[in-house]
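When the letters of the sequence shown are read in order and numbered with full-length UniProt numbering, they come out as residues 1 to 249.
Okay, so here's the structure we're looking at.
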Amino acid sequence: MEEPPARVELPAAFEYVDVDVLAQLVADMMDRLISHNDQIPLSPESLTRFHSRTAPGISVLDYLRRIVRFTKLDRTCLMITLHYIDQICSRIPIFTLSSLTCHRFLITSIAVSSKALCDVFCTNSLYAKVGGIPVTELNMLEREFLRMIEWRLTCTREILQEYYVNLVRTHSKGQFHIAGPGSSSSSDSDMDWDANRSRSVSPARPGMNGREASTILIDTATLSPESPRPPTLEQNMAFEAFRRSSQGI
């Protein structure tokens, strides 16, 4: 019988965690969101500039590691991506983080947050090259991202720390724990509570076969939901292209 891997103790504050470990934690959370959200049927009005025709052939973790390697990604910029996901998915409930949107969302979020939070950051040309998309496309994604987030690009350090704690406690392999008194032996009930909280969901919408889009940790007091809009001509045409492609027409 194979022994479970030894648990790894992490610093109490996310600022002192190895950036590769943070990438593993974020990727693990996103993989679970994607697994859930990929089961939601795609509709014309849910298509955004972040949708690709097919899922990229690189995992979320490898994509994050690529970004970390070539852009010297700051830990805060990586962590605040989770806050952006919650904020956008709550303001625009039809948007979901899926295998078709995750990679474009990540590179755009990191490009935007680096400019907002860091004294030194890369150019869009470099972010686009690292992300595997044309720079003109990244420019359009950046404008759309800022519209969706309503230019609210910052949050408190306490919010990011709460995300970090929840990422560790709900890690799918239970591989990590946070250093500190009593941190190495959380009760099952505590773990269940945090897992449920970390999978907060937006209200169910028609046409989703009863499934709900999963987000992470929503602070609803800060949100101003956007009214639903009918699909545009561009969305209808893109949706038809998706349909024909999936059916091999």
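Note that the Cβ used here is the ideal one computed from N, Cα and C, for glycine as well.
Is H177 helix, strand or coil by DSSP?
Residue 177 sits at position 177 when you count from the first residue of the sequence shown. Looking at H177 - three-state DSSP - the assignment turns out to be strand.
Taking only the alpha-carbon atoms, compute the straight-line gap between C122 and A111 and give it to the nearest angstrom.
Indexing the sequence shown from 1 puts residue 122 at position 122. Indexing the sequence shown from 1 puts residue 111 at position 111. So the alpha carbons of these two residues sit roughly 8 Å apart.
Terminal residues of the beta strand (DSSP E) in which Y144 lies:
The residue you call residue 144 lines up with position 144 of the sequence shown. In the sequence on display, residue 144 carries Glu and not Tyr. Note, E144: premise wrong, no beta strand (DSSP E); alpha helix (DSSP H) at 135-149.
For the alpha helix (DSSP H) containing E158, list its first residue and its last residue.
Within the sequence shown, the letter at position 158 stands for residue 158. Segment 157-169, the alpha helix (DSSP H) holding E158.
Do T108 and F145 have their C-beta atoms closer together than 9 Å?
The sequence position of residue 108 within the sequence shown is 108, counting from 1. The sequence position of residue 145 within the sequence shown is 145, counting from 1. Result yes, Cβ atoms of T108 and F145 sit closer than 9 Å.
Same chain only: Cβ atoms within 7 Å of I149, ignoring 5 sequence neighbours per side
Your numbering for residue 149 matches position 149 in the sequence shown. Within the same chain, I149 has close Cβ partners Y84, Q87, I88.
Below 8 Å CB to CB, which residues in the same chain sit around L10 once its five sequence neighbours on both sides are set aside?
The count along the sequence shown starts at 1 and reaches residue 10 at position 10. Around L10: V17, V21, V168, F176, H177, I178, A179.
Have a look at M140, A13, A27, E15 and flag the residue whose alpha-carbon is nearest the alpha-carbon of S172.
Taking the first residue of the sequence shown as position 1, residue 172 is located at position 172. Closest option to S172, Cα to Cα, is A27.
In terms of alpha-carbon separation, which member of R7, D62, V8, L78 lies closest to A116?
Here residue 116 is taken as the residue at index 116 of the sequence shown, counted from 1. Here the closest residue by C-alpha is L78.
What whole-angstrom Cβ distance do M30 and L97 have, given they're in contact under 8 Å?
Residue numbering aside, residue 30 sits at position 30 when the sequence shown is read from its first letter. Residue numbering aside, residue 97 sits at position 97 when the sequence shown is read from its first letter. Rounded, the Cβ-Cβ distance is 7 Å, consistent with contact.
Which of helix, strand or coil does DSSP assign to V17?
Translated into positions along the sequence shown, residue 17 becomes position 17. Three-state DSSP puts V17 in coil, outside helix and strand.
Got a sec, what are the start and stop residues for the beta strand (DSSP E) residue 250 sits in?
Here the chain has residues from 1 to 249 only, and residue 250 is not among them.
Determine whether the beta carbon atoms of T76 and S113 lie at a separation below 9 Å.
Here residue 76 is taken as the residue at index 76 of the sequence shown, counted from 1. Here residue 113 is taken as the residue at index 113 of the sequence shown, counted from 1. Cβ atoms of T76 and S113: closer than 9 Å.
Given a threshold of 16 other Cβ atoms within 10 Å of its Cβ, counted over all protein chains shown, does T136 qualify as buried or as exposed?
Reading the sequence shown from its first residue, position 136 is the one you call residue 136. Classification for T136: exposed.
Can you tell which of F70, L64, K72, P93 has its C-alpha closest to the C-alpha of N81?
The residue you call residue 81 lines up with position 81 of the sequence shown. In the sequence as displayed, the identity of residue 81 is Thr instead of Asn. Of F70, L64, K72, P93, the residue nearest in Cα terms is L64.
Unbroken beta strand (DSSP E) runs of length 3 or more, entirely within the segment 22-77: which are they?
none
Given this structure, state the Cα-to-Cα distance separating E162 from L25, to the nearest angstrom.
Here residue 162 refers to the residue found at position 162 when the sequence shown is read from its first residue. Here residue 25 refers to the residue found at position 25 when the sequence shown is read from its first residue. Distance between the alpha carbons of E162 and L25 is about 13 Å.
Assign A6 to buried or exposed, taking buried as 16 or more other Cβ atoms, counted over all protein chains shown, within 10 Å of its Cβ.
Within the sequence shown, numbered from 1, the residue matching residue 6 stands at position 6. Label assigned to A6: exposed.
Can you tell me whether S187 is helix, strand or coil according to DSSP?
Position 187 of the sequence shown, counted from the start, is the residue given in the question as residue 187. With a pLDDT of only 35 at S187, under 50, the local geometry of the prediction cannot be trusted, and no value is derived from it.
Indicate whether residue 262 and V130 have their beta-carbon atoms separated by less than 9 Å.
Since the first residue of the chain shown is 1 and the last is 249, residue 262 is not available in this structure.
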